[in-house]
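Asker: Mapping of the sequence shown onto mature numbering (1 follows the signal peptide of the UniProt record, and there is no 0): residues -22 to -1, 1 to 543, in sequence order.
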Amino acid sequence: MRRLQRAFLGFAALLLVCTAQAQSTGEAAVASAHPQATAAGREILDDGGNAFDAAVAVAAALAVVEPYGSGLGGGGFFLLRRPGDPLRYNFLDARERAPQAADAYLYRRDGVVQPRLSLDGALAAAIPGLPAALVDLSARYGKLSLKRALAPAIRLARDGFAVDAVYRERAAWRLAALRDDAESARLFLVDGEIPAEGHVLRQPELAATLEALAEQGRDGFYKGAVAQRLVDGVRAAGGIWTLEDLDKYRVVERAPLRFALAGGRELIAAPPPSAGGVALAQSLAMLQQLPLGEADKLQRAHYVTEVLRRAYRDRGALGDPDFVPAPLARLLRADYLKGLAAGIDPEKATPSAELPPSPAWREGDNTTHFAVLDADGRAVAATLSINLPFGAAFSPAGSGVVLNDEMDDFAADPQGSNTYALAGSQANAVAPGKRPLSSMSPTFIESRDDFAAFGTPGGSRIPSMVLLAVLDYLDGKPVAEWPKTPRFHHQYLPDVLEYEADAFSPAEVADLQARGYTLKQVDRRYGNLQVLRWHKPSNRVEAASDPRGIGTAAVFPRAMKKPVD
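And the structure:
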């Protein structure tokens, strides 16, 4: 009997070792939209931090070097993987919230919605969530102090970074709005003009705000001197923030959306107030009902477009789950999705007008995304935003913080549309303390043998971009190919199939037109996908950054030294 017990204990120990090996990668990876942010993540991992510490460092560094895409004045979503028994996934909702004084008529004047009020200036800004997320992520899941994790960003803000072509392009898009705010012009322009490429942009006020956050935690931003500067600046410019709005902001931890896929894989994605995870789950479920594997390129594009049309149509039912019930059970029910797939004509486009009506929508596309994996299998996929480039193009004096214009992601007019020609819905109407609906879609796919992470900026196009990358993954294409895939997009309304120049040849465009599609070639390539993959049997880690951007991906061995603070 004792021999049997010893044999059982030995087998159990071997099983534990094998399990530990399966959960440990031996390598770490960071993929982000900017080389300085990737370097910040690696610095923290090399100092003994984990993926969550590195995520704090990357997010804060992006806030410095990509003021057009994210920042302390914005928010975002963090999807977490925590190895163990059982394996856990967490989702941190750091989406901005409407001020308490906001209401459904905030942007109406004489009964007419004034779109610019939700785009530029102090009234366009919702209460930021990113600073609270950095504090929570560090305190609850990190190994290092918040001060250590924020050190690379503080250094970048104080010492400066070189302006690049992307910065100049984004600043050009918002030049008039930046010039309209004296503080934003001082921070991000030079004598009212876009800085030259290579100009070193230093942000001492932002460094001081980051230092306050590092030293005092959430009180360093949501209370005290920084909070007072933010509120004073907003209110002096016609905004409606209060100190209570800042003090009451909290990150919400939600259950990620989890959806079983074929082949023993599972989709782990963003739940509402993201509409992206639902769209991805619906699209993949419908494609599983269709002969995608037998389809040639054009037939495949037809099927993908038709499932996107149907998935995007359902977005109008979603909103902040703290305010409106999320009908996920109905939208993800197997028979419902099977019925949607059955309605796809294999030869012809389905005009959106023939589908049951649902509001369309829009949102800004200048967001950022990054992915981190550490050598122990912890991972983060995070998508962050301030909405339009440079957000509201408004910066409260002395804070160094450019504020978001995420209030434009609400349905300012539930019967109308916003800047991106996307109509509103009652579920996403402005309300005090409410979080606007978003397409941000940090995504994992995991199976016994594989783990992959995906995400990109791109506003309403985010789910379609992530879907195309996921399909490349499912087709077994190399990781480096996932971000390169030529992109096309359909979002139900407007009933237009958008595509990058290299997505379809002239003959293929003619074929799609013959199927009933209205096509529009976009002026420039879009998105900035960041991905990584861990192949567990070989313990091989790979990462890739979108060639459309200036980001970098790095894979490197486990840090050998103990955590340094």
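No residue lacks a Cβ here, since even glycine has one placed at the ideal position from N, Cα and C. Nothing here was measured: the structure is a model prediction, and the numbers come from that model.
Please specify which runs of the alpha helix (DSSP H), each continuous and at least 4 residues long, are wholly inside the stretch 267 to 313, giving them in chain order.
Answerer: If we require 4 residues or more, the alpha helix (DSSP H) runs fully inside the stretch 267 to 313 come out as 275 to 291, 306 to 309.
Asker: Can you check the stretch 454 to 496 for any alpha helix (DSSP H) of at least 4 residues that lies completely inside it and give the ranges in chain order?
Answerer: The stretch 454 to 496 contains these whole alpha helix (DSSP H) runs: 484 to 492.
Asker: Output yes or no for whether 8 angstroms exceeds the beta carbon distance between MET443 and ALA104.
Answerer: Taking 8 angstroms as the Cβ cut-off, MET443 and ALA104 do not qualify as a contacting pair.
Asker: Quick check: what's the CA-CA separation for ALA415 versus ALA295?
Answerer: First, the residue type needs correcting, since residue 415 is Leu and not Ala in the sequence shown. One C-alpha to the other measures close to 11 angstroms.
Asker: Would you mind working out which of LYS514, TYR504, THR346, GLY437 sits nearest ALA33, comparing C-alpha positions?
Answerer: Looking at the Cα atoms, THR346 is the closest of the given residues.
Asker: Using alpha carbons as the reference points, say which of ASP31, VAL141, VAL457 lies closest to ARG118.
Answerer: Ranking ASP31, VAL141, VAL457 by Cα distance to ARG118 puts ASP31 first.
Asker: Indicate the three-state DSSP secondary structure (helix, strand or coil) for GLU332 in the structure shown.
Answerer: GLU332: helix per DSSP, three-state reduction.
Asker: Which stretch, first to last residue, makes up the alpha helix (DSSP H) that contains ILE364?
Answerer: Per DSSP, ILE364 belongs to no alpha helix (DSSP H) and is neither H nor E.
Asker: What does DSSP give as the partner residues of HIS347 in its beta bridges?
Answerer: Beta-bridge pairing links HIS347 to THR361.
Asker: DSSP on THR421, reduced to helix/strand/coil?
Answerer: Strand.
Asker: Could you tell me the distance, in whole angstroms, from the CA atom of THR421 to the CA atom of ARG356?
Answerer: So the alpha carbons of these two residues sit roughly 14 angstroms apart.
Asker: Among PHE199, PRO234, ALA102, which one has its Cα closest to the Cα of ALA110?
Answerer: Checked all of PHE199, PRO234, ALA102; the closest Cα to ALA110 is PHE199.
Asker: Closest by CA to LEU471, which one among ASN365, ASN68, ARG287, VAL448?
Answerer: It is ARG287 whose Cα lies nearest to the Cα of LEU471.
Asker: Which partner residues does SER523 have in the DSSP bridge list?
Answerer: Note: SER523 sits in a beta bridge opposite GLN508.
Asker: Return yes when the Cβ of PHE368 is within less than 8 angstroms of the Cβ of ARG152, no when it is not.
Answerer: Yes, the pair counts as a contact, with Cβ atoms nearer than the cut-off.
Asker: Do the stretch 71 to 87 and the stretch 182 to 197 meet, that is, are 3 or more Cβ pairs less than 8 angstroms apart?
Answerer: Verdict: no, contact absent.
Asker: GLU193: which of TYR227, SER123, PHE166, ALA154 sits nearest, CA to CA?
Answerer: Closest option to GLU193, Cα to Cα, is SER123.
Asker: Excluding the 5 residues preceding and the 5 following PRO130 in the sequence, name in chain order all residues of the same chain whose CB lies nearer than 6 angstroms to its CB.
Answerer: Excluding sequence neighbours, PRO130 sits near ALA18, GLU21, ALA35, ALA39.
Asker: With a threshold of 6 angstroms on Cβ separation, who are the neighbours of ASP137 within its own chain once the five nearest residues in sequence on each side are excluded?
Answerer: Hits under 6 angstroms: none found.
Asker: If contacts are defined as beta-carbon pairs under 8 angstroms, then ASN365 and GLY51 qualify, I think. What distance do you get, rounded to the angstrom?
Answerer: Not quite, the Cβ-Cβ distance comes to about 10 angstroms (not below 8 angstroms), so this is no contact.
Asker: For ASP292, which option in ALA263, GLU272, PRO334 has the closest C-alpha, if you only look at C-alpha atoms?
Answerer: Out of ALA263, GLU272, PRO334, PRO334 has the C-alpha closest to the C-alpha of ASP292.
Asker: Is the Cβ-Cβ distance between ALA431 and ASN406 less than 8 angstroms?
Answerer: Contact flag unset, no.
Asker: With a threshold of 6 angstroms on Cβ separation, who are the neighbours of ALA247 within its own chain once the five nearest residues in sequence on each side are excluded?
Answerer: Taken in chain order, the residues that qualify are LEU235, GLY255, LEU258, THR421.
Asker: Are ALA531 and ALA9 closer than 8 angstroms when you measure CB to CB?
Answerer: The answer is yes: Cβ separation under 8 angstroms.
Asker: Residue range of the beta strand (DSSP E) that PRO71 falls in?
Answerer: The sequence shown places Asp at residue 71, rather than the Pro named in the question. Segment 66 to 72, the beta strand (DSSP E) holding ASP71.
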